[in-house]
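Participant:
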Amino acid sequence: GESVGLHLPTLSVQEGDNSIINCAYSNSASDYFIWYKQESGKGPQFIIDIRSNMDKRQGQRVTVLLNKTVKHLSLQIAATQPGDSAVYFCAEKAEAAGNKLTFGGGTRVLVKP
Amino acid sequence: GEEVAQTPKHLVRGEGQKAKLYCAPIKGHSYVFWYQQVLKNEFKFLISFQNENVFDETGMPKERFSAKCLPNSPCSLEIQATKLEDSAVYFCASSQYHMEGGRTYNEQFFGPGTRLTVL
Numbered sequence: 036g037e038s039v040g041l042h043l044p045t046l047s048v049q050e051g052d053n054s055i056i057n058c059a060y061s062n063s064a065s066d067y068f069i070w071y072k073q074e075s076g077k078g079p080q081f082i083i084d085i086r087s088n089m090d091k092r093q094g095q096r097v098t099v100l101l102n103k104t105v106k107h108l109s110l111q112i113a114a115t116q117p118g119d120s121a122v123y124f125c126a127e128k129a130e131a132a133g134n135k136l137t138f139g140g141g142t143r144v145l146v147k148p
Numbered sequence: 098g099e100e101v102a103q104t105p106k107h108l109v110r111g112e113g114q115k116a117k118l119y120c121a122p123i124k125g126h127s128y129v130f131w132y133q134q135v136l137k138n139e140f141k142f143l144i145s146f147q148n149e150n151v152f153d154e155t156g157m158p159k160e161r162f163s164a165k166c167l168p169n170s171p172c173s174l175e176i177q178a179t180k181l182e183d184s185a186v187y188f189c190a191s192s193q194y195h196m197e198g199g200r201t202y203n204e205q206f207f208g209p210g211t212r213l214t215v216l
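Protein sequence lines correspond, in order, to chains A and B.
Add 35 to the 1-based position in the first sequence for the numbering used here, that's all there is to it.
Add 97 to the 1-based position in the second sequence for the numbering used here, that's all there is to it.
#1: Could you have a look at alanine 132 of chain A and say whether DSSP puts it in helix, strand or coil?
#2: Would you identify the three-state DSSP class for glutamate 99 of chain B, choosing helix, strand or coil?
#3: Relative to the C-alpha of isoleucine 112 of chain A, which candidate in A/Tyr60, A/Lys72, A/Phe68 has its C-alpha closest?
#4: Checking contacts by CB at 8 Å: is phenylalanine 207 of chain B closer than that to chain A?
#5: Do threonine 211 of chain B and proline 122 of chain B come within 8 Å of each other at the CB atom, strictly closer than that value?
#6: Nearest to alanine 185 of chain B by alpha carbon, out of B/Met196, B/Leu108, B/Glu99?
#7: Can you give the Cα-Cα distance for lysine 147 of chain A and alanine 114 of chain A, rounded to whole angstroms?
#8: Can you check whether the C-beta of asparagine 134 of chain A is within less than 8 Å of a C-beta belonging to chain B?
#9: So which residues of chain B does isoleucine 85 of chain A contact, with C-beta pairs closer than 8 Å?
#10: Taking 8 Å as the threshold, find out whether the stretch 131-145 of chain A comes into contact with the stretch 42-55 of chain A through three or more Cβ pairs.
#11: Is glycine 40 of chain A close to chain B, meaning its C-beta is less than 8 Å from at least one C-beta of that chain?
#12: Give me whichever residues DSSP pairs with arginine 86 of chain A in a beta bridge.
#13: Run through DSSP, which three-state label would aspartate 119 of chain A get?
#14: Indicate the three-state DSSP secondary structure (helix, strand or coil) for leucine 43 of chain A in the structure shown.
#15: Please report whether the beta-carbon of proline 44 of chain A lies at a distance below 8 Å from any beta-carbon of chain B.
#16: Taking the C-alpha atoms as reference points, what is the distance between asparagine 88 of chain A and leucine 100 of chain A?
#17: When you compare the CB of asparagine 148 of chain B with every CB in chain A, is at least one pair closer than 8 Å?
#18: So, is leucine 216 of chain B buried or exposed, given that buried needs 16 or more other C-beta atoms within 10 angstroms?
#19: So which residues of chain A does glycine 210 of chain B contact, with C-beta pairs closer than 9 Å?
#20: With contact counted as at least three CB pairs below 8 Å, one residue from each stretch, are the stretch 145-154 of chain B and the stretch 196-205 of chain B in contact?
#21: Can you tell me which of B/Gln133, B/Ile176, B/Lys124, B/Phe206 puts its alpha carbon nearest to the alpha carbon of glycine 111 of chain B?
Right, here's the structure in full:
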C-alpha cells in the first residue's frame, strides 16, 4: 500500500564502522547491476557498477559483491562517514532487453557520530 | 552541460490540469530516460529515447502520458488531465555508451527531479 514507501529498511551504523547493504534481484537475465545513493531532495547518484561476468568490484571505500546463484547483490562501505547517510538503491538491467533500469526498494543508512 | 538539468523543480496542479516537465540531458548523451519515484521509494521506468526516437515505452501509461525528445530542444514529459496518483518525483537520466580501459560503460546519470503535486 501507499504507506510501504515511507517505511524503508534502515541500517544504523557508527561512524567509522563498515556498512553492508543487501539487495535481492529477481531477473536471472539481468547482466548489469548498479548501486545508487540518493540524498534527500536529490536524484540518484551513481556509486559503483558490476557486470554479471564478475563477482566483485572495488571502488574508493566501496565494494560490490554479486552472487548470481542466489541473485544477491551487496554494497560494502568501508569506514562509514556522516556524508554516507542517504538512501541506497540497487538497480539491474538486462541489456538484451533495452537499457531501462529496474530498481530495488531502497535501504536508508543512518550514520551515528 | 555536464549535468542533467530538469525544470521546474516543483510543479503543483489541480486534478484534471495538464503538467509538462522538461529535461536537458548531458551534452553528447544519446539516451534519455524518464522514471517516476513515488513516496521516496519505488522507481518506475516510464520511457526512454535514443536521440529523438522512442527506444522503449513499455512503462508509459498510454492514456494520459506522452513524451518527446526533439532536436535542439529539451526533452519533455507531459501528463494530460493529471490525477492524484500522478503525484511523485519525476527523474530524467541520460547515458552514452563509451569505452574506457577495454570496458564498455553506459551508466545513467540522473537529474535532480521535478516534484509534481496534484491537488
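Ideal Cβ placement from N, Cα and C applies to all residues, glycine included.
In this text, all values refer to a predicted model and were calculated from it rather than measured experimentally.
Facilitator: Let's see:
#1: As a working mapping, residue 132 of chain A is identified with position 97 in the first sequence. Correct three-state label for alanine 132 of chain A: helix.
#2: Indexing the second sequence from 1 puts residue 99 of chain B at position 2. DSSP places glutamate 99 of chain B in coil when its eight states are reduced to three.
#3: Within the first sequence, the letter at position 77 stands for residue 112 of chain A. Minimum Cα distance to isoleucine 112 of chain A is reached at A/Lys72.
#4: Locating residue 207 of chain B in the second sequence gives position 110, where the first residue counts as 1. For phenylalanine 207 of chain B, the answer is yes, since a Cβ of chain A falls inside 8 Å of its Cβ.
#5: Counting from 1 along the second sequence, the entry for residue 122 of chain B is found at position 25. Counting from 1 along the second sequence, the entry for residue 211 of chain B is found at position 114. Not a contact, by the Cβ cut-off of 8 Å.
#6: Numbered from its first residue, the second sequence carries residue 185 of chain B at position 88. For the residues B/Met196, B/Leu108, B/Glu99, the minimum Cα distance to alanine 185 of chain B belongs to B/Leu108.
#7: Start at 1 with the first residue of the first sequence, and residue 147 of chain A comes out as number 112. Start at 1 with the first residue of the first sequence, and residue 114 of chain A comes out as number 79. Those two C-alpha atoms are separated by around 12 Å.
#8: Locating residue 134 of chain A in the first sequence gives position 99, counting from the first residue. Cβ-Cβ to chain B under 8 Å: yes for asparagine 134 of chain A.
#9: Here the question's residue 85 of chain A lines up with position 50 in the first sequence. In chain order: nothing, as chain B lies at least about 11 Å away.
#10: yes
#11: Translated into positions along the first sequence, residue 40 of chain A becomes position 5. Bear in mind that the predicted position of glycine 40 of chain A carries a pLDDT of just 41, short of 50, making it unreliable; the figure below should be weighed with that in mind. At least one chain B Cβ lies under 8 Å of glycine 40 of chain A.
#12: Locating residue 86 of chain A in the first sequence gives position 51, where the first residue counts as 1. Answer is A/Tyr67, bridged to arginine 86 of chain A.
#13: As a position in the first sequence, residue 119 of chain A is number 84, starting the count at 1. If DSSP states are grouped into helix, strand and coil, aspartate 119 of chain A belongs with the helices.
#14: Reading the first sequence from its first residue, position 8 is the one you call residue 43 of chain A. It is coil, neither helix nor strand.
#15: As a first step, residue 44 of chain A is located in the first sequence; it is residue number 9 there, counting from the start. It does not; no Cβ of chain B falls within 8 Å.
#16: Looking up residue 88 of chain A in the first sequence gives position 53. Looking up residue 100 of chain A in the first sequence gives position 65. Whole-angstrom Cα-Cα distance: 12 Å.
#17: One-based indexing of the second sequence puts residue 148 of chain B at position 51. No, its Cβ sits nowhere closer than 8 Å to a Cβ of chain A.
#18: Within the second sequence, numbered from 1, the residue matching residue 216 of chain B stands at position 119. So leucine 216 of chain B ends up on the exposed side.
#19: In the second sequence, counting from the first residue as 1, residue 210 of chain B sits at position 113. Going along chain A in sequence order, the residues near glycine 210 of chain B (Cβ under 9 Å) are Gly76, Lys77, Gly78.
#20: no
#21: Reading the second sequence from its first residue, position 14 is the one you call residue 111 of chain B. Ranking the options by Cα distance to glycine 111 of chain B, first place goes to B/Ile176.
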